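The structure under discussion appears below in the form of structure tokens.
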Amino acid sequence: MHTLSYESKASKPLSTVEMEKLLEEARANNNKQDITGCLIYYMGTFMQVLEGEKEIIEALYAKIKKDERHTNVQMFSNDSIDLRTFPNWGMAYYPIDQNNTSKAEFEQFKRNLMLLSDLTFPNNPTALTFWKRMKFLISSPPDIF
Ligand SMILES: Cc1cc2nc3c(=O)[nH]c(=O)nc-3n(C[C@H](O)[C@H](O)[C@H](O)COP(=O)(O)O)c2cc1C
Numbered sequence: 118m119h120t121l122s123y124e125s126k127a128s129k130p131l132s133t134v135e136m137e138k139l140l141e142e143a144r145a146n147n148n149k150q151d152i153t154g155c156l157i158y159y160m161g162t163f164m165q166v167l168e169g170e171k172e173i174i175e176a177l178y179a180k181i182k183k184d185e186r187h188t189n190v191q192m193f194s195n196d197s198i199d200l201r202t203f204p205n206w207g208m209a210y211y212p213i214d215q216n217n218t219s220k221a222e223f224e225q226f227k228r229n230l231m232l233l234s235d236l237t238f239p240n241n242p243t244a245l246t247f248w249k250r251m252k253f254l255i256s257s258p259p260d261i262f
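Taking my numbering as reference, the numbering of the sequence shown is continuous, increasing by one, and the terminal residue is 262.
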């Protein structure tokens with residue numbers, strides 16, 4: 118099996134409805150192809166980790182890279198793996214955006230992600246790097262509060 122992780126920038130702010138559509142499509146496809154992972158949307162930045170059979174993951178990543186809903190797609194880690202870190206998640210999704218976020222919600226978002234990173238027992242360098250980068254990303258709160 119294979120895993121990879123990337124970061125990208127949303128081309129434009131995605132509405133909740135647009136994001137739900139993206140996720141619905143992604144989860145249906147991932148389910149069919151036995152792909153698992155996690156997607157984080159943080160103030161215009163996406164971070165995603167994908168897990169599954171190598172050819173399937175590489176084909177999906179090639180497709181995702183061309184998706185016009187985001188740009189600057191940069192893979193930061195990939196590994197061959199024996200075990201999944203997100204076995205039960207077709208695509209876990211954690212969004213936060215300044216348009217609809219209060220300070221309390223932001224703090225809750227951070228707590229949820231920290232909890233999730235503690236619960237997933239990252240067992241490969243890609244998953245470890247994913248959580249490390251996530252913590253760095255959310256360590257400086259946006260200057261909107
Ligand atoms: C940030 C982001 C994450 C995505 N994640 C997935 C995913 O996990 N699985 C998936 O099938 N498509 C995902 N997509 C959508 C794909 O780029 C593509 O639109 C989708 O697979 C449908 O492709 P098709 O029209 O060729 O079937 C994602 C798109 C973006 C912008």
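Built from N, CA and C at the ideal position, the CB exists for glycine as well. Remember, it's a predicted structure, so these values are computed and weren't measured experimentally.
N-terminal and C-terminal residue of the alpha helix (DSSP H) that residue i is part of
i: Ser256; result: 242-256
i: Leu233; result: 220-236
i: Asn147; result: 133-149
Paired residues, beta bridge with residue i - DSSP
i: Tyr211; result: Ile157
i: Asp196; result: Thr120
Endpoints, beta strand (DSSP E) assigned at residue i
i: Glu124; result: 119-127
CB contact below 7 Å: residue i versus chain D
i: Glu141; result: This model lacks chain D altogether; it includes just one protein chain.
Where residue i falls, given that 16 or more other Cβ within 10 Å makes a residue buried
i: Asp151; result: exposed
i: Trp248; result: buried
i: Ala143; result: buried
i: Gln165; result: buried
i: Asp184; result: exposed
i: Asp214; result: buried
i: Glu172; result: exposed
i: Glu141; result: exposed
i: Val134; result: exposed
i: Leu200; result: exposed
i: Leu167; result: buried
Any beta strand (DSSP E) of 3 or more consecutive residues that is wholly inside the stretch 161-190: 162-169
Evaluate the contact criterion for the stretch 180-197 versus the stretch 237-246: three or more CB pairs, one atom per stretch, below 8 Å. yes
Contact the stretch 200-209 vs the stretch 123-133: 3+ CB pairs below 8 Å: no
At a cut of 8 Å, does the stretch 228-237 reach the stretch 172-183 through at least three beta carbon pairs? no
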